[in-house]
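Let me begin by presenting the structure, written as structure tokens, before commenting on it.
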Amino acid sequence: MADAERLFTLHRQGVFRYLCRVVGRPETAQDLTQEVFLRVSRAGVPDTDDVGHRAWVFRIARNLVLNHVRDDARRGQAVALLDQAAPATQEVALAIRRAVDALADVDRDVFLMRESAGLSYSEIAAACDLSVEAVRARLRRAREQLRESLDGPMRTGRQGLIAIRGIEAGES
Amino acid sequence: MTDHRDIVEAFADAEPVEAAELSAALADADARAHLLDVLVLRGLIGDARPMPAAGVVAAARAPRWGLKLAAAAAVVAASLTGGFAVGRSMPAASQARNTAIVVSGDQNAAPAPTHVIRLENGVEWNERSGGN
């Protein structure tokens, strides 16, 4: 039980971020996060290292959210919702939401486990039953697809980074 | 892993990379542009959403703040009510104090003398130097 509590403390935020990005609704992600750690406590924590524990928790989260998004009604509802994280504007948030949803399921999980939850390649590989090289390839494919889908926001972002570099160069 | 894009992606993802490979990759303009894209995409996807744990903590703390505020409000209300009640229950003292103020108007009169000089006929009262 103490191990399950420790895993909850260590991974609840990453699991929530990952689930939130997949389902698109913070309330649903909270419910699913609770369900993940309920299952963790019921199942009993396996005897492995921290990397293995993290991968195991995210494997549970992934299985849970896959079952959730297979429900067509809920899936439609999630896509229709605007993302409240609002990286820049609601339009950009919606574009991101759609672009992420357009990824293949495994590519999306690999990408979100990396970008939203911060898992390493080996942790993602263990959580998704893939090799590290497959994770690397899917991650790159997901990024390239997102880059094409988000051409406008990406261009704006590049200009922003270049502007920041210009300011820093001018100051130094 | 020989592709420069793979190397800069691994670098951006905090995966182990060979220093020489990274150096070669960063010398490649295409790989640098790809690194920039990875970072921009990360910025776009970046999740600033509040965590559920924070919500739980906030919810748990809310009653405590509520209690503190309620206690402070109760103290202020008690002070105001008590002061009002005390003021209402002591009208006589208040009037007495006003009366005393009126009476104290007599104190504006000259104080009673402490030393009386009796004037006598035939005595020169003009002071002169030398004491004569």
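In order, the protein sequences belong to chains A and B.
Throughout, this note's numbering is defined as the position within the first sequence, counted from one, plus 425.
Throughout, this note's numbering is defined as the position within the second sequence, counted from one, plus 3.
Glycine included, C-beta positions come from ideal geometry on N, C-alpha and C.
For residue i, is the classification buried or exposed, using 16 other Cβ atoms within 10 angstroms of its Cβ as the cut-off for buried?
i	result
B/T117	exposed
A/G585	exposed
A/S541	buried
A/E548	buried
A/T514	exposed
A/A468	exposed
A/T434	exposed
A/A524	buried
B/S82	exposed
Check the Cβ of residue i against every Cβ in chain B and list those closer than 8 angstroms, keeping chain order.
i	result
A/R565	R8, D9, E12
A/R572	D40, L44
A/L575	L44, L47
A/P471	Here the premise fails: no neighbours, minimum Cβ distance about 24 angstroms.
So the alpha helix (DSSP H) residue i belongs to, where does it begin and stop?
i	result
B/H118	Neither: B/H118 is in no alpha helix (DSSP H) and is coded neither H nor E.
A/R495	Where A/R495 is concerned, there is no enclosing alpha helix (DSSP H), given that its DSSP letter is neither H nor E.
A/P451	451 to 468
B/G46	32 to 48
A/S574	557 to 574
A/S547	546 to 553
A/E540	530 to 540
B/A17	B/A17 -> no alpha helix (DSSP H), and no H or E assigned at all.
A/A518	515 to 526
Taking Cβ positions only, does residue i come closer than 7 angstroms to chain D?
i	result
A/M538	The structure shown has no chain D; the protein chains it does contain are A and B.
Run through chain B and tell me which residues come within less than 7 angstroms of residue i, C-beta to C-beta.
i	result
A/R533	Chain B residues near A/R533: none, gap ~11 angstroms exceeds 7 angstroms.
A/T477	Correcting the residue type first, residue 477 of chain A is Gly in the shown sequence and not Thr. In chain order: nothing, as chain B lies at least about 18 angstroms away.
A/G582	V43, G46, L47
A/I561	Contrary to the premise, residue 561 of chain A reads as Arg rather than Ile in this sequence. Within chain B, the residues near A/R561 are D9.
Please list the partners that residue i has in chain B, where partner means a Cβ-to-Cβ separation under 9 angstroms.
i	result
A/S545	D16, A17, E18
A/R568	E12, H37, D40, V41, L44
**Message:** Counting only Cβ-Cβ distances shorter than 8 angstroms, please list the residues of the region 13 to 45 of chain B near chain A, keeping chain order.
**Reply:** A13, D16, A17, E18, L39, D40, V41, L42, V43, L44, R45
**Prompt:** Given a limit of 8 angstroms on CB to CB distance, which residues of the region 514 to 527 of chain A reach chain B?
**Reply:** V517, I521, V525
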